[in-house]
Amino acid sequence: DSGVTQTPKHLITATGQRVTLRCSPRSGDLSVYWYQQSLDQGLQFLIQYYNGEERAKGNILERFSAQQFPDLHSELNLSSLELGDSALYFCASSVGQSGNTIYFGEGSWLTVV
Amino acid sequence: GIQVEQSPPDLILQEGANSTLRCNFSDSVNNLQWFHQNPWGQLINLFYIPSGTKQNGRLSATTVATERYSLLYISSSQTTDSGVYFCAGQGAQKLVFGQGTRLTINP
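What follows is the structure in structure tokens.
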């Protein structure tokens, strides 16, 4: 158990819908990262937050948004879902912004039908 | 930007064999981490290794930062070692993953 908690573990939803994925980082970790893993794209970095502020952005679609709350948990919002958004979404956390071991949650499996 | 390349893409071995996985990374990488993704999808951090050598049981890793590469050694492979091994390089913030090495250990 990495200490990073993600919910829900599995989610099936229809095209055009909106979902929210939730992440609680390890105790004491201030950085939260979001990644998308699909079969043909590998592990793609989406966004990083540190202590509530956005620190780095990857190839995150405009339909996707995220935030980190004062209690350090984070949410990833996916809207106007398309079939191609079906993927495993990972949250990860680390103590600092960089230069620390990064721990991953078990992921949220999203299927868009 | 950060670039991370892994080789080989696939590796099939018999139980008990040793293996070496390689990761090359670009100048903008300040630290390097190795992960194992098991068949159930879990991503486990194996090593945080910006430079030098670390060992954990049958696994060890070496990063030669000046030459921009890292190696992951697995000795006396077991079927439970199967899965995908990723290296990931981090610059100022984001952690960029390589495409992975898929390791299959046959009994």
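So the sequence lines, in the order shown, correspond to chains A and B. The numbers in our numbering rise by one with no breaks, and the one at position 108 of the first sequence is 108. The numbers in our numbering rise by one with no breaks, and the one at position 61 of the second sequence is 1061. C-beta: ideal position from N, C-alpha, C; glycine also.
query	result
Tell whether a beta-carbon distance below 8 Å holds between Phe1047 of chain B and Gly42 of chain A.	no
The beta strand (DSSP E) that contains Asn1031 of chain B, what's its start and end?	Asn1031 to Gln1037
CA-CA distance, Tyr33 of chain A and Ala1017 of chain B?	35 Å
Between Val1096 of chain B and chain A, is any beta-carbon pair separated by less than 8 Å?	yes
What does DSSP give as the partner residue(s) for Gln1014 of chain B in the beta ladder?	B:Asn1106
Using a beta-carbon distance below 8 Å, is Leu43 of chain A in contact with chain B?	yes
Can you find a C-beta in chain A that's less than 8 Å from the C-beta of Asn1024 of chain B?	no
Helix, strand or coil for Glu1067 of chain B? Go by DSSP, reduced to three states.	helix
Suppose contacts are defined by Cβ-Cβ distances below 8 Å. Is Ser98 of chain A in contact with Gln1093 of chain B by that definition?	yes
Say whether chain B places a C-beta atom closer than 8 Å to the C-beta of Ile60 of chain A.	no
Which word fits Ala14 of chain A, buried or exposed, when buried means at least 16 other C-beta atoms lie within 10 angstroms of its C-beta?	exposed
In the DSSP assignment, find the unbroken beta strand (DSSP E) run with Ile12 of chain A in it and report its ends.	His10 to Thr13
I want to see whether chain A comes within less than 8 Å of Gly1052 of chain B, judged by CB atoms only; does it?	no
Pick helix, strand or coil for Leu83 of chain A, following the three-state DSSP scheme.	helix
Is the beta carbon of Leu1072 of chain B less than 8 Å from the beta carbon of Ala1061 of chain B?	yes
According to DSSP, which residues form a beta bridge with Gly105 of chain A?	Its beta-bridge partners do not exist; DSSP assigns none.
Using a Cβ-Cβ cutoff of less than 8 Å, which residues in the same chain neighbour Glu75 of chain A once the five nearest sequence positions on both sides are dropped?	Thr20, Leu21, Arg22, Cys23, Ala66, Gln67 and Phe69
So is His1036 of chain B buried or exposed if we call it buried at 16+ other beta carbons inside 10 Å?	buried
Give the residues of chain B in contact with Glu140 of chain A, contact being defined as C-beta atoms less than 8 Å apart.	One cannot answer for residue 140 of chain A here, as it falls past the ends of chain A, which runs 1 to 113.
Report the option in B:Gln1006, B:Leu1043 and B:Pro1050 whose CA atom is closest to the CA atom of Gly1083 of chain B.	B:Leu1043
For the stretch 84-101 of chain A, which residues have a beta carbon sitting closer than 9 Å to at least one beta carbon of chain B?	Leu88, Phe90, Ala92, Ser94, Gln97, Ser98, Gly99, Asn100 and Thr101
Compare the C-beta of Gln67 of chain A with all C-beta atoms of chain B and state if any pair is closer than 8 Å.	no
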